[in-house]
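Chains A and B, in that order, give the protein sequences. For the first sequence, numbering that gives the first Met the number 0 assigns the number 0 to the initial residue and increments by one for each residue that follows. For the second sequence, numbering that gives the first Met the number 0 assigns the number 0 to the initial residue and increments by one for each residue that follows. Written below as structure tokens is the structure these notes are about.
Protein chains: 2
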Amino acid sequence: MSETTDERTARDRISFLRTLRAFRSFRPDPVPQEIIDDILEVARWSGSASNKQPWEILVVRERDTLRSLSSVEGYAGHLAGAPLGIVLIMAGDRAEQETYDEGRLAERIMLAAHAHGIGSSIGWIVGSGRDAAKELLGIPQEKVVRTAISLGYPDEGARRSSAGRGQARKPLGRIVHEERYG
Amino acid sequence: MSETTDERTARDRISFLRTLRAFRSFRPDPVPQEIIDDILEVARWSGSASNKQPWEILVVRERDTLRSLSSVEGYAGHLAGAPLGIVLIMAGDRAEQETYDEGRLAERIMLAAHAHGIGSSIGWIVGSGRDAAKELLGIPQEKVVRTAISLGYPDEGARRSSAGRGQARKPLGRIVHEERYG
Chain A
0 MSETTDERTA RDRISFLRTL RAFRSFRPDP VPQEIIDDIL EVARWSGSAS NKQPWEILVV
60 RERDTLRSLS SVEGYAGHLA GAPLGIVLIM AGDRAEQETY DEGRLAERIM LAAHAHGIGS
120 SIGWIVGSGR DAAKELLGIP QEKVVRTAIS LGYPDEGARR SSAGRGQARK PLGRIVHEER
180 YG
Chain B
0 MSETTDERTA RDRISFLRTL RAFRSFRPDP VPQEIIDDIL EVARWSGSAS NKQPWEILVV
60 RERDTLRSLS SVEGYAGHLA GAPLGIVLIM AGDRAEQETY DEGRLAERIM LAAHAHGIGS
120 SIGWIVGSGR DAAKELLGIP QEKVVRTAIS LGYPDEGARR SSAGRGQARK PLGRIVHEER
180 YG
């Protein structure tokens with residue numbers, strides 16, 4: 000029996016979700032505005048606890064800003080070589096829910112980029128880097144800033160040389176249980 | 000100029016991401032095993048801080064278990080009427096990163112379900128419900144359990160009557176900044 004359009008569409012979407020990987024090396028080409036618009040629209044429709052949408056989003060393309068942000072305490076060094084950064088600004092009201100919702104939002108932004116062949120990587124800001132990032136970007140003190148996502152067209156040379164490095168996943172047999180644990 | 004296959008594919012994927020919504024009312028039909036397999040595979044490939052994959056996944060189809068789980072402290076009442084529940088079991092080592100990674104994982108599970116027309120909703124377990132859920136499911140005390148996702152084919156009647164209720168989103172003008180905050 001030949002595959003239906005619905006089956007083909009489902010298969011494409013699953014493959015699309017499954018193949019998201021982090022990229023940290025980018026070509027210098029800018030990310031087109033239409034693609035940024037799509038990413039923001041997907042971000043806007045993210046779900047959140049009690050639909051609070053406890054976020055704002057800062058789009059950064061200025062080289063100097065990206066470079067400064069890349070050097071604050073944390074793991075956002077890859078921002079220095081990215082043509083685009085998206086900083087997540089959380090409300091700072093409910094720590095646990097907002098951390099969880101921020102993960103949901105970050106995942107959607109990476110997927111929306113991936114839909115257009117744009118690679119991305121989460122830059123995780125820690126310690127004094129969080130205040131430094133707020134200071135740098137003019138963000139009020141009460142907000143929480145810990146995610147700066149690098150985005151750009153993947154550098155294919157770097158992609159090949161990094162393939163397999165730290166990207167493996169545990170087999171399902173090690174993580175899935177049925178009905179009861181263990 | 001006519002649209003290329005790549006453009007069409009990108010458009011479908013963005014529309015697919017944008018249209019994810021939470022569903023809490025399900026038809027009783029079981030979710031086919033091939034779809035559960037796809038959801039687990041997409042879950043397995045989730046990204047996490049330092050690629051730690053600090054999770055295990057419990058698949059629950061037994062009616063009595065779902066009903067018991069729906070009544071622990073929290074917001075997972077919709078599990079009682081779902082044919083399938085997926086419980087996320089976090090390692091319990093690094094609170095902030097794991098909460099964030101759990102959000103990423105939950106989002107991917109919902110999207111993989113959505114790829115197959117399966118609706119879902121995050122059941123958020125709080126307070127004493129977390130220990131109760133672990134006790135009920137035989138999960139070791141040191142793990143963190145706060146997410147039980149309901150899944151099933153959406154009940155279309157309920158879908159229509161709930162349309163627009165609590166699902167609106169803020170306009171982009173209220174959440175997006177460029178280069179600097181404010």
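All C-beta atoms, glycine included, are put in the ideal place defined by N, C-alpha and C.
Start-to-end residues for the alpha helix (DSSP H) that takes in Gly80 of chain B
Translated into the one-based positions of the second sequence, residue 80 of chain B becomes position 81. Segment: none, Gly80 of chain B is in no alpha helix (DSSP H) and carries neither H nor E.
Can you give me the start and stop residues for the alpha helix (DSSP H) that Glu106 of chain B sits inside?
Mapped onto the second sequence, residue 106 of chain B falls at position 107. Looking at the DSSP string, the run of the alpha helix (DSSP H) that includes Glu106 of chain B is Ala94 to Ala114.
Take Leu16 of chain B and list the residues in its own chain whose beta-carbon comes closer than 8 Å to its own, dropping the five residues that flank it on each side.
Position 17 of the second sequence holds residue 16 of chain B. Excluding positions up to five away in sequence, the list reads Leu110.
Where DSSP assigns a beta bridge to Phe25 of chain B, which residues make up the other side?
Stepping through the second sequence from its first residue, residue 25 of chain B is reached at position 26. DSSP lists B:Pro153 as the bridge partner or partners of Phe25 of chain B.
Check each residue of the stretch 105-132 of chain B: if its Cβ is closer than 7 Å to any Cβ of chain A, include it; give the result in chain order.
Taking 7 Å as the cut-off between beta carbons, the residues of the stretch 105-132 of chain B near chain A are Ala105, Glu106, Arg107, Leu110, Ala111, Ala114, His115 and Trp123, in sequence order.
Can you confirm whether the stretch 50-65 of chain A touches the stretch 94-114 of chain A when touching is taken to mean that 3 or more C-beta pairs between the two stretches lie within less than 8 Å?
A contact is defined here as three or more CB-CB pairs under 8 Å, and the stretch 94-114 of chain A meets this definition with respect to the stretch 50-65 of chain A.
Roughly how many whole angstroms lie between the Cα atoms of Gly91 of chain A and Arg145 of chain A?
For the purposes of this step, residue 91 of chain A is identified with residue 92 of the first sequence, where counting begins at 1. For the purposes of this step, residue 145 of chain A is identified with residue 146 of the first sequence, where counting begins at 1. Their backbone Cα atoms lie some 11 Å apart in a straight line.
Please look up how many angstroms separate the CB atoms of Ala75 of chain A and Ser67 of chain A, rounded, as I've assumed it's under 8 Å.
Working through the first sequence from its first residue, we reach residue 75 of chain A at position 76. Working through the first sequence from its first residue, we reach residue 67 of chain A at position 68. Their Cβ separation, rounded to whole angstroms, is 11 Å, which puts Ala75 of chain A and Ser67 of chain A out of contact at 8 Å.
In terms of residue numbering, what span does the beta strand (DSSP E) encompassing Ser119 of chain B cover?
Here residue 119 of chain B is taken as the residue at index 120 of the second sequence, counted from 1. From DSSP, the beta strand (DSSP E) with Ser119 of chain B extends over Gly118 to Ile124.
Within 8 Å of any Cβ in chain A, is that where the Cβ of Leu65 of chain B sits?
By 1-based counting over the second sequence, the position of residue 65 of chain B is 66. No - not a single Cβ of chain A is within 8 Å of the one on Leu65 of chain B.
Cβ atoms of Ala112 of chain A and Ser119 of chain A: under 8 Å apart, would you say?
The residue given as residue 119 of chain A occupies position 120 in the first sequence. The residue given as residue 112 of chain A occupies position 113 in the first sequence. In this structure, Ser119 of chain A sits near Ala112 of chain A, with a CB-CB distance shorter than 8 Å.
Please state if the CB of Leu78 of chain B and the CB of Leu65 of chain B are separated by a distance shorter than 8 Å.
Position 66 of the second sequence, counted from the first residue, corresponds to residue 65 of chain B. Position 79 of the second sequence, counted from the first residue, corresponds to residue 78 of chain B. At a Cβ-Cβ threshold of 8 Å, Leu65 of chain B and Leu78 of chain B count as neighbours.
Mapping the DSSP letters down to three states, classify Glu177 of chain B as helix, strand or coil.
The residue given as residue 177 of chain B occupies position 178 in the second sequence. It is a strand residue.
Determine the contact status of Arg60 of chain A and Pro82 of chain A, defining contact as a CB-CB distance below 8 Å.
Against the first sequence, residue 60 of chain A aligns to sequence position 61. Against the first sequence, residue 82 of chain A aligns to sequence position 83. Closer than 8 Å, so yes.
Where the beta strand (DSSP E) containing Ile38 of chain A begins and where it ends
The residue labelled residue 38 of chain A in the question sits at position 39 within the first sequence. Here Ile38 of chain A belongs to no beta strand (DSSP E); instead the alpha helix (DSSP H) covers Gln32 to Arg43.
Any C-beta of chain B sitting closer than 8 Å to the C-beta of His77 of chain A?
For the purposes of this step, residue 77 of chain A is identified with residue 78 of the first sequence, where counting begins at 1. Interface residue (Cβ-Cβ distance to chain B less than 8 Å): His77 of chain A is not classified as such.
Residues of chain A with a CB under 8 Å from the CB of Leu171 of chain B: which are they?
For this step, residue 171 of chain B is matched to residue 172 along the second sequence. Going along chain A in sequence order, the residues near Leu171 of chain B (Cβ under 8 Å) are Leu39, Glu40 and Arg43.
Return no unless some Cβ of chain A is closer than 8 Å to the Cβ of Leu136 of chain B.
Indexing the second sequence from 1 puts residue 136 of chain B at position 137. The beta-carbon of Leu136 of chain B is placed less than 8 Å from the nearest beta-carbon of chain A.
Integer Cβ distance of Ala157 of chain A from Trp123 of chain B, believed to fall under 8 Å
Here residue 157 of chain A refers to the residue found at position 158 when the first sequence is read from its first residue. Here residue 123 of chain B refers to the residue found at position 124 when the second sequence is read from its first residue. Contact flag wrong, Cβ pair sits at about 39 Å.
Does DSSP put Thr18 of chain A in a helix, in a strand, or in coil?
In the first sequence, residue 18 of chain A corresponds to position 19, counting from 1. Residue state, collapsed to three classes: coil.
For Lys169 of chain B, count neighbouring Cβ atoms within 10 angstroms of its own Cβ and tell me buried if that reaches 16, exposed if not.
Counting from one through the second sequence, the residue named residue 169 of chain B turns up at place 170. With fewer than 16 Cβ atoms within 10 Å of its Cβ, Lys169 of chain B is classed as exposed.
Against chain B, with Cβ distances strictly below 8 Å, would Ala175 of chain A count as a contact?
By 1-based counting over the first sequence, the position of residue 175 of chain A is 176. What sits at residue 175 of chain A in the sequence shown is Val, not Ala. At least one chain B Cβ lies under 8 Å of Val175 of chain A.
Just to confirm my understanding: we take Ala105 of chain B, look at its own chain, exclude 5 residues before and 5 after, and list those with CB closer than 8 Å. What are they?
Position 106 of the second sequence, counting from 1, holds the residue named residue 105 of chain B. Excluding positions up to five away in sequence, the list reads Leu87, Ile121, Thr146 and Ile148.
Counted within 10 angstroms of its Cβ, other Cβ atoms place Arg12 of chain A as buried (16 or more) or exposed
On the first sequence, residue 12 of chain A is found 13 positions in, with the first residue counted as 1. Buried is the call here.
Using the beta-carbon of each residue, which ones in chain A are nearer than 7 Å to Gln52 of chain B?
For the purposes of this step, residue 52 of chain B is identified with residue 53 of the second sequence, where counting begins at 1. Contacts between Gln52 of chain B and chain A, judged by CB atoms closer than 7 Å, involve Arg168 and Lys169 in chain order.
Run through chain A and tell me which residues come within less than 9 Å of Glu178 of chain B, C-beta to C-beta.
Looking up residue 178 of chain B in the second sequence gives position 179. Those are Leu57, Val58, Val59, Arg60, Glu61, Thr64 and Leu136, listed as they occur along chain A.
For a contact meaning CB atoms closer than 7 Å, what does Asp100 of chain B contact in chain A?
Numbered from its first residue, the second sequence carries residue 100 of chain B at position 101. Listed along chain A are Gly102, each with a C-beta nearer than 7 Å to that of Asp100 of chain B.
Below 9 Å on C-beta distance, what does Ala9 of chain B contact in chain A?
Looking up residue 9 of chain B in the second sequence gives position 10. Within 9 Å Cβ-Cβ: Ile34, Asp37, Ala114, His115 and Gly116.
Under 8 Å between C-beta atoms, does Glu95 of chain A make it to chain B?
Along the first sequence, one-based indexing puts residue 95 of chain A at 96. It does: the Cβ of Glu95 of chain A has a partner Cβ on chain B nearer than 8 Å.
Residue environment, Leu171 of chain B, which counts as buried when at least 16 other CB atoms sit within 10 Å
Mapped onto the second sequence, residue 171 of chain B falls at position 172. Leu171 of chain B comes out exposed.
Glu155 of chain A versus Ser45 of chain B: straight-line alpha-carbon distance, rounded
As a position in the first sequence, residue 155 of chain A is number 156, starting the count at 1. As a position in the second sequence, residue 45 of chain B is number 46, starting the count at 1. Cα atoms of Glu155 of chain A and Ser45 of chain B: separation of roughly 22 Å, rounded to the nearest angstrom.
Here's the rule: buried if 16 or more other CB atoms are within 10 angstroms of the residue's CB, otherwise exposed. What is Arg23 of chain B?
Position 24 of the second sequence holds residue 23 of chain B. Residue environment for Arg23 of chain B: buried (at least 16 other C-beta atoms within 10 angstroms of its C-beta).
Buried or exposed, going by whether 16 or more other CB atoms sit within 10 Å of the CB of Arg43 of chain B?
As a working mapping, residue 43 of chain B is identified with position 44 in the second sequence. Buried: at least 16 other Cβ atoms inside 10 Å.
When burial is assigned at 16 or more other CB atoms within 10 Å of the CB, is Asp36 of chain B buried or exposed?
Position 37 of the second sequence, counted from the first residue, corresponds to residue 36 of chain B. Label assigned to Asp36 of chain B: exposed.
Identify whether Arg7 of chain A lies in helix, strand or coil by the three-state DSSP scheme.
Within the first sequence, the letter at position 8 stands for residue 7 of chain A. Arg7 of chain A falls in the helix class under three-state DSSP.
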